[in-house]
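Notes follow once the structure below has been shown.
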Amino acid sequence: MERSKHHRMTDRVKVVGKEALLTVRLKQQFGNFRLDIDFQVPAGLTVLFGFSGAGKSLTLRSMAGLLHPRQGYVAIGEHVLFDSAAGIDLPAQERHVGYVPQHYALFPHLTVAQNISFALPKQPARIGWHKGREERQAQHARVDELLAALELKGLERQYPATLSGGQQQRVALARALAAQPRLLLLDEPFNALDIAVRQRLRDSLKRFQRRFSIPIVLVTHDHDEAQQLADTIVALQHGRVAQVGSVQDIFFTPATPDVARLVGQQNIFGGYLATPTREEYSPARALRVEWLQSEIQTQLAVAQGTGGDCYWLPLPGDASLSPSSLRMPVSGCIRNDEVLVQRLPSNLMPPLWTARGAVQWIAELLEAQTHGAIVRLLVRPCRGEQAESGQNVIRSVLELYVSRLRWREIEAMPGECLLLEIGPEAIHRFAGSS
Amino acid sequence: MIYVTKRRYRNVSSSLAAPALLLMLYLVIPVVYLLFTLPWYAVPEQLADPEAIGALITSLLSATLATVVIALFGVPLGYLLARKEFPARGLFTLLVYLPLVFPPVVSGILLLLLYGPYGLIGTPFASAGLELDSSFAGVVLAQIFVASPFVIIAARSAFEAVDPALEQVAATLGKGSLAIFWQVNLPVARAGIIAGLLLGWLRALGEFGATVVMAYHPYTLPVYLYVQLSGTGVNAALPLVLLTLAVSFIGVGLVLWFQHMGRQREAQ
Numbered sequence: 022m023e024r025s026k027h028h029r030m031t032d033r034v035k036v037v038g039k040e041a042l043l044t045v046r047l048k049q050q051f052g053n054f055r056l057d058i059d060f061q062v063p064a065g066l067t068v069l070f071g072f073s074g075a076g077k078s079l080t081l082r083s084m085a086g087l088l089h090p091r092q093g094y095v096a097i098g099e100h101v102l103f104d105s106a107a108g109i110d111l112p113a114q115e116r117h118v119g120y121v122p123q124h125y126a127l128f129p130h131l132t133v134a135q136n137i138s139f140a141l142p143k144q145p146a147r148i149g150w151h152k153g154r155e156e157r158q159a160q161h162a163r164v165d166e167l168l169a170a171l172e173l174k175g176l177e178r179q180y181p182a183t184l185s186g187g188q189q190q191r192v193a194l195a196r197a198l199a200a201q202p203r204l205l206l207l208d209e210p211f212n213a214l215d216i217a218v219r220q221r222l223r224d225s226l227k228r229f230q231r232r233f234s235i236p237i238v239l240v241t242h243d244h245d246e247a248q249q250l251a252d253t254i255v256a257l258q259h260g261r262v263a264q265v266g267s268v269q270d271i272f273f274t275p276a277t278p279d280v281a282r283l284v285g286q287q288n289i290f291g292g293y294l295a296t297p298t299r300e301e302y303s304p305a306r307a308l309r310v311e312w313l314q315s316e317i318q319t320q321l322a323v324a325q326g327t328g329g330d331c332y333w334l335p336l337p338g339d340a341s342l343s344p345s346s347l348r349m350p351v352s353g354c355i356r357n358d359e360v361l362v363q364r365l366p367s368n369l370m371p372p373l374w375t376a377r378g379a380v381q382w383i384a385e386l387l388e389a390q391t392h393g394a395i396v397r398l399l400v401r402p403c404r405g406e407q408a409e410s411g412q413n414v415i416r417s418v419l420e421l422y423v424s425r426l427r428w429r430e431i432e433a434m435p436g437e438c439l440l441l442e443i444g445p446e447a448i449h450r451f452a453g454s455s
Numbered sequence: 209m210i211y212v213t214k215r216r217y218r219n220v221s222s223s224l225a226a227p228a229l230l231l232m233l234y235l236v237i238p239v240v241y242l243l244f245t246l247p248w249y250a251v252p253e254q255l256a257d258p259e260a261i262g263a264l265i266t267s268l269l270s271a272t273l274a275t276v277v278i279a280l281f282g283v284p285l286g287y288l289l290a291r292k293e294f295p296a297r298g299l300f301t302l303l304v305y306l307p308l309v310f311p312p313v314v315s316g317i318l319l320l321l322l323y324g325p326y327g328l329i330g331t332p333f334a335s336a337g338l339e340l341d342s343s344f345a346g347v348v349l350a351q352i353f354v355a356s357p358f359v360i361i362a363a364r365s366a367f368e369a370v371d372p373a374l375e376q377v378a379a380t381l382g383k384g385s386l387a388i389f390w391q392v393n394l395p396v397a398r399a400g401i402i403a404g405l406l407l408g409w410l411r412a413l414g415e416f417g418a419t420v421v422m423a424y425h426p427y428t429l430p431v432y433l434y435v436q437l438s439g440t441g442v443n444a445a446l447p448l449v450l451l452t453l454a455v456s457f458i459g460v461g462l463v464l465w466f467q468h469m470g471r472q473r474e475a476q
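If you read the protein sequences in the order shown, they are chains Y and L. 22 is the number of the first residue of the first sequence in this note's numbering; add one for each residue after it. 209 is the number of the first residue of the second sequence in this note's numbering; add one for each residue after it.
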C-alpha cells in the first residue's frame with residue numbers, strides 16, 4: 022500500500038521535480054544514542070543540519086549502506102535501497118550512492134587521474150584487444166571529461182598529498198561522479214578547508230550541483246553553509262527530525278525551541294495570551310511573557326531556572342494566533358534581528374505601546390561585539406513587572422543583532438540604557454506550541 | 209649576569225648529548241675497530257672458501273624462502289588482527305609476540321620436539337624420507353618461527369594506519385571487499401609491510417639459536433661462523449663477519465627508508 026503510493030509519487034517527480042525524491046526512515050539504537058529519522062525531500066541540495074551528536078553522520082552513513090540500521094526505509098525515487106519490512110538491504114557496492122567523507126579519503130597511492138578512474142570498470146585484458154582499446158579510450162574520455170568539469174586539468178599526474186584542500190575536494194567529487202551515482206552524500210565537506218576559501222568553494226559546489234543536476238545530501242552544523250547551499254534543510258536534534266523546510270522556513274520560522282537555538286535564535290520565551298492593562302495604544306490582546314530565556318544567560322551565569330520578570334509582547338505578525346482564547350499558553354522567540362534598537366530619549370519616558378502595536382522595552386546594554394558588518398548586543402530588559410507568583414526577579418538577557426551602520430548612530434556604552442521597539446514582526450510563535 | 213642566565217637556561221640537548229654519544233660510541237667502535245684489525249689480504253681467499261660460499265648461499269636461500277612463506281601467511285594474519293573483530297584476538301596478538309621474546313634456543317627446542325625424528329609431525333615425514341630437522345627444511349622452519357613476528361606486527365600496524373574511510377569510499381564506488389584489500393589496503397600499507405618483510409628477512413638471515421638446535425647442518429652463515437670461531441679462532445671468522453655486517457647495513461638502511469615512506473603516506 023505504502024509502496025504503491027510511493028511509486029505514484031515518484032512518477033510525478035519527473036514531471037514536477039518538486040515532489041519527494043528521497044525518502045529516509047531509520048530506526049536504530051547506537052549505545053545510548055537513539056536514531057529515529059523520518060523525512061522526505063525533493064531533488065536538489067538537501068542539508069542535514071544539526072549540532073554535533075545530532076545523528077547527522079549516522080544518517081548519512083546509513084544511507085550510503087555503510088551502517089545497517091535495524092529498521093527503516095531508504096529510497097531514491099523508485100530505487101529502494103533499504104526496506105527492512107521487505108527484507109531489502111542493498112550493500113554499499115550496489116546502492117550507487119556517492120560518499121565523500123570529511124577529509125575526502127582520496128587514495129594516497131593513486132594519482133588524481135587514477136583516483137577518478139578507480140570506480141570505472143577494470144579494463145579487459147588482452148583478449149579481444151580491439152574492444153579493449155575502445156573501452157580504454159572511452160574511459161580516458163570519461164576521466165578527461167570529469168577532470169575538465171571540475172577544473173582539475175593539469176593535475177592528473179599529481180598525488181593527493183600535493184593538492185590544496187579545495188583541489189582535493191574536487192577530486193573527491195569527480196571520483197564519486199565517475200561511478201555515476203544517483204545521489205551524492207557529503208559529510209561536512211568544508212570542515213577541512215580554510216575559513217577564507219569556504220564561501221567561494223560553497224558557491225562552486227552549488228554550481229557543480231546545478232551543472233550535474235545530481236541530488237546532494239550534505240551534512241553540516243554551520244549556519245552560513247546551510248543558508249548558502251540548501252534547497253531543503255532537514256533539522257536534526259537528538260537523533261530525530263525536528264523540522265524539514267526551506268532556508269526561509271527553518272531560519273525564519275523554526276518550529277521548536279531546539280530548532281530556534283540551532284539557527285541562532287536564542288531569545289526564547291514562554292507565556293500566555295492575556296489582556297493588557299489599559300494604557301495608551303495598548304491592544305486588546307497581547308502575550309504576557311512569564312519566562313524569557315536564552316543560552317546567553319547560562320553563558321553569563323545571570324539566571325538559573327525559569328523564574329523572571331513578566332513582560333508584554335505583541336501578538337505575532339503572522340496571525341497564527343486567534344486572540345480569542347485567554348490564558349492560552351504560547352512559546353516562541355523574539356527574532357534577534359527584527360528588534361528596533363534606539364537610544365533612550367533623556368527627556369521623557371516612552372509609552373509602553375506604540376501606535377503601530379509594538380511594545381517598547383527599556384534595556385541595559387551589557388555588551389556590544391562587532392562581527393564584520395553586524396554588531397551583536399547583549400541587553401537586559403529592565404522595565405518588567407514582577408511575576409504574578411511574586412517571586413523575585415531574575416532578569417533575562419536578550420541577544421540582538423544590529424548593523425554596524427545603525428550602531429554607529431546609537432553608540433551606547435555598556436551600562437547605558439537602550440530603547441527596544443519590538444513589533445509583531447519580531448515575534449515568532451513555535452508551531453509546535455499550542 | 210648574562211653568564212648566569214646562560215648557565216641556568218642551558219639547552220636540554222647539551223646535557224643529554226653526553227650519555228647519548230657514549231652509547232653511540234659503544235655501538236659503533238667495535239665495527240670501526242674491526243675495519244682496522246681485519247687482515248684485509250686474507251679476505252678474498254677466505255671468502256672464496258667453498259664452505260663459506262655454501263653457507264652464504266644456504267643462508268640467502270633459506271632466509272628468502274622463509275620470508276616468502278611468512279609474507280603469504282603473515283600479511284593476512286596482520287590484516288585480520290588489525291581490522292577484524294573476532295574472539296581471542298587479544299590472545300592471538302599475545303601469541304604472535306611470543307617468538308620474539310623466547311630465547312632462540314628455546315624456540316629451537318620447541319621446534320625440534322614437534323618436527324624432530326620422534327616428534328608428532330617429524331615422524332611421518334622422517335619415515336617418508338624427508339627429515340625436517342638437520343635439513344634445509346629445518347633451517348627454513350626455524351627461521352619462519354623466529355622471524356614471523358616482525359612481519360605480522362609490522363603488517364598489523366601498517367594496516368591499522370590505513371584510514372577506514374578509504375575502504376568505505378571504495379565500497380560506495382562499487383568495490384567488493386577482496387578488491388578493496390588488493391587495491392586499497394595492501395598498496396596503502398605497502399611500505400610498512402615491505403619494511404617488516406625486510407626486517408624479517410634480516411632476522412632470518414642472522415638466525416642462530418633456533419637453527420643450531422633444529423638444523424646444525426646444512427651450515428647457515430651464522431652457524432658456519434660459530435664453527436669457524438670455535439674451531440680456528442676469531443681471525444678465521446673475521447671476513448665472514450665483514451660480509452654479514454655489509455648485508456645488515458644495507459638491509460637496515462632499506463628498512464628505515466621504507467618505514468619513512470610509510471610514515472609519509474600516513475601523514476597524508
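Even for Gly, the Cβ is constructed at its ideal location relative to N, Cα and C.
- Do L4 (chain Y) and T80 (chain Y) have their CB atoms nearer than 8 Å? Nothing about residue 4 (chain Y) can be read from this structure; chain Y reaches only from 22 to 455.
- Query: At a CB-CB cut-off below 8 Å, which residues of chain L make contact with F290 (chain Y)?
  - Reply: The residue you call residue 290 (chain Y) lines up with position 269 of the first sequence. Those do not exist, as F290 (chain Y) stays about 44 Å from chain L at its closest Cβ, beyond 8 Å.
- Message: Within 8 Å of any Cβ in chain L, is that where the Cβ of G119 (chain Y) sits?
- Response: Residue numbering aside, residue 119 (chain Y) sits at position 98 when the first sequence is read from its first letter. Output row for G119 (chain Y): interface = yes.
- Taking 8 Å as the CB-CB limit, is P63 (chain Y) close to chain L? As a first step, residue 63 (chain Y) is located in the first sequence; it is residue number 42 there, counting from the start. By this cut-off, P63 (chain Y) is not an interface position.
- Query: Who are the neighbours of L198 (chain Y) on chain L, taking C-beta pairs under 8 Å?
  - Reply: For the purposes of this step, residue 198 (chain Y) is taken as residue 177 along the first sequence, with counting starting at 1. Chain L residues near L198 (chain Y): none, gap ~11 Å exceeds 8 Å.
- Task: List in chain order: all unbroken beta strand (DSSP E) runs of 3+ residues lying wholly within the stretch 221-295 of chain L.
- Result: none
- Got a sec? Which residues, its chain only, sit under 7 Å from H124 (chain Y) by beta carbon, not counting five neighbours each side? Walking along the first sequence from the start, residue 124 (chain Y) turns up at place 103. Non-local C-beta neighbours of H124 (chain Y) in its own chain, meaning closer than 7 Å and more than five positions away in sequence, comprise A213, ordered along the chain.
- Message: Quick check on A454 (chain L): buried or exposed, where buried means 16 or more other Cβ atoms within 10 Å of its Cβ?
- Response: Taking the first residue of the second sequence as 1, we reach residue 454 (chain L) at position 246. A454 (chain L) should be labelled exposed.
- Message: For A41 (chain Y), report the span of its beta strand (DSSP E) as first-last.
- Response: Within the first sequence, residue 41 (chain Y) is the residue found at index 20, counting from 1. Residues A41 to F51.
- Measuring CB to CB, does L405 (chain L) end up less than 8 Å from G459 (chain L)? Within the second sequence, numbered from 1, the residue matching residue 405 (chain L) stands at position 197. Within the second sequence, numbered from 1, the residue matching residue 459 (chain L) stands at position 251. No; because the gap between Cβ atoms is not below 8 Å, this pair is not in contact.
- Out of curiosity, what's the CA-to-CA distance linking P402 (chain L) and V463 (chain L)? Residue numbering aside, residue 402 (chain L) sits at position 194 when the second sequence is read from its first letter. Residue numbering aside, residue 463 (chain L) sits at position 255 when the second sequence is read from its first letter. According to the sequence as given, residue 402 (chain L) is Ile; it is not Pro. Distance between the alpha carbons of I402 (chain L) and V463 (chain L): 8 Å.
- Query: How far does the alpha helix (DSSP H) with D341 (chain L) in it reach, from first residue to last?
  - Reply: To locate residue 341 (chain L), count along the second sequence from 1; it is residue 133. Premise fails: D341 (chain L) is in no alpha helix (DSSP H) and is neither H nor E.
- Query: Are the C-beta atoms of A363 (chain L) and some chain Y residue less than 8 Å apart?
  - Reply: Looking up residue 363 (chain L) in the second sequence gives position 155. No, no contact with chain Y.
- Task: Using only alpha-carbon positions, find the residue among L:V449, L:G330 and L:F281 that is nearest to V251 (chain L).
- Result: Here residue 251 (chain L) refers to the residue found at position 43 when the second sequence is read from its first residue. It is L:V449 whose Cα lies nearest to the Cα of V251 (chain L).
- Message: For S352 (chain Y), list the residues DSSP reports as bridge partners.
- Response: In the first sequence, residue 352 (chain Y) corresponds to position 331, counting from 1. Y:G291, per the DSSP bridge assignment.
- Message: Just to check my reading of the structure: V68 (chain Y) and I235 (chain Y) have Cβ atoms closer than 8 Å, yes? What is that Cβ distance to the nearest angstrom?
- Response: Sequence index remark: in the first sequence, residue 68 (chain Y) carries index 47 (1-based). Sequence index remark: in the first sequence, residue 235 (chain Y) carries index 214 (1-based). Not confirmed; about 15 Å, so no contact.
- Minimum Cβ-Cβ distance from A447 (chain Y) to chain L less than 8 Å: Against the first sequence, residue 447 (chain Y) aligns to sequence position 426. It does not: the Cβ of A447 (chain Y) has no partner Cβ on chain L nearer than 8 Å.
- Message: Within 8 Å of any Cβ in chain Y, is that where the Cβ of V184 (chain L) sits?
- Response: As shown, chain L starts at 209 and ends at 476. That puts residue 184 (chain L) outside it, with no answer to give.
- May I have a chain-ordered list of the beta strand (DSSP E) segments no shorter than 3 residues that lie completely inside the stretch 132-209 of chain Y? 204-208
- Item | Selection from L:G408, L:L374, L:L280 and L:V236 that minimises the alpha carbon distance to V392 (chain L) | Residue 392 (chain L) sits at position 184 when you count from the first residue of the second sequence. That would be L:L374, whose Cα lies nearest to the Cα of V392 (chain L).
- Give, in chain order, every unbroken run of the alpha helix (DSSP H) that is at least 4 residues long and sits entirely within the stretch 251-282 of chain Y. 268-273
- Residue burial classification, W409 (chain L) (beta-carbon count within 10 angstroms, cutoff 16): By one-based count along the second sequence, residue 409 (chain L) stands at place 201. Answer is buried; the Cβ neighbour count reaches 16.
- Message: Short of 8 Å Cβ to Cβ, which residues in the stretch 216-234 of chain Y face chain L?
- Response: none
- Message: Is there a C-beta anywhere in chain L that falls below 8 Å from the one on P90 (chain Y)?
- Response: Taking the first sequence and counting its residues from 1, one reaches residue 90 (chain Y) at position 69. Chain L, which has no Cβ nearer than 8 Å to the Cβ of P90 (chain Y), makes this no.
- Query: Is it right to say Y287 (chain L) is buried, meaning 16 or more other beta carbons lie within 10 angstroms of its own, or is it exposed?
  - Reply: Numbered from 1 along the second sequence, position 79 holds the residue referred to as residue 287 (chain L). It is buried - the Cβ of Y287 (chain L) has at least 16 other Cβ atoms within 10 Å.
- Task: Would you kindly report the start and end of the unbroken alpha helix (DSSP H) that includes V309 (chain L)?
- Result: In the second sequence, the residue the question calls residue 309 (chain L) occupies position 101. Where V309 (chain L) is concerned, the enclosing alpha helix (DSSP H) stretches over R297 to V309.
- Compute the distance between the beta-carbons of G378 (chain Y) and G444 (chain Y), then report whether it is under 8 Å. As a position in the first sequence, residue 378 (chain Y) is number 357, starting the count at 1. As a position in the first sequence, residue 444 (chain Y) is number 423, starting the count at 1. A distance below 8 Å separates the beta carbons of G378 (chain Y) and G444 (chain Y).
- Query: Does any CB atom of chain Y fall closer than 8 Å to the CB of L374 (chain L)?
  - Reply: Translated into the one-based positions of the second sequence, residue 374 (chain L) becomes position 166. It does: the Cβ of L374 (chain L) has a partner Cβ on chain Y nearer than 8 Å.
- Item | Alpha carbon of L222 (chain Y) to alpha carbon of D252 (chain Y), nearest angstrom | Mapped onto the first sequence, residue 222 (chain Y) falls at position 201. Mapped onto the first sequence, residue 252 (chain Y) falls at position 231. So the alpha carbons of these two residues sit roughly 17 Å apart.
- By a C-beta neighbour count over all protein chains shown, 10 Å radius and 16 as the cutoff for buried, is E415 (chain L) buried or exposed? The residue you call residue 415 (chain L) lines up with position 207 of the second sequence. Looking at its Cβ environment, which holds 16 or more other Cβ atoms inside 10 Å, E415 (chain L) is buried.
- Compute the distance between the beta-carbons of L127 (chain Y) and V192 (chain Y), then report whether it is under 8 Å. As a position in the first sequence, residue 127 (chain Y) is number 106, starting the count at 1. As a position in the first sequence, residue 192 (chain Y) is number 171, starting the count at 1. Their beta carbons are under 8 Å apart, which means L127 (chain Y) touches V192 (chain Y) by this criterion.
- Cβ of F70 (chain Y) less than 8 Å from any chain L Cβ? Within the first sequence, residue 70 (chain Y) is the residue found at index 49, counting from 1. Answer no: the Cβ-Cβ gap between F70 (chain Y) and chain L never drops below 8 Å.
- Message: Please identify the residue among L:L242, L:L230, L:A225 and L:L235 whose C-alpha is closest to the C-alpha of N443 (chain L).
- Response: Indexing the second sequence from 1 puts residue 443 (chain L) at position 235. Cα-wise, what sits closest to N443 (chain L) is L:L242.
- Message: Would Y422 (chain Y) and R397 (chain Y) be called neighbours here (beta carbons separated by less than 8 Å)?
- Response: Within the first sequence, residue 422 (chain Y) is the residue found at index 401, counting from 1. Within the first sequence, residue 397 (chain Y) is the residue found at index 376, counting from 1. Cβ distance < 8 Å, so Y422 (chain Y) and R397 (chain Y) count as in contact.
- Query: Hey, does L87 (chain Y) have any beta-carbon neighbour from chain L nearer than 8 Å?
  - Reply: Taking the first sequence and counting its residues from 1, one reaches residue 87 (chain Y) at position 66. For L87 (chain Y), the answer is yes, since a Cβ of chain L falls inside 8 Å of its Cβ.
- Query: Under 8 Å between the Cβ atoms of L171 (chain Y) and G119 (chain Y)?
  - Reply: Counting from one through the first sequence, the residue named residue 171 (chain Y) turns up at place 150. Counting from one through the first sequence, the residue named residue 119 (chain Y) turns up at place 98. In this structure, G119 (chain Y) does not lie closer than 8 Å to L171 (chain Y) by Cβ.
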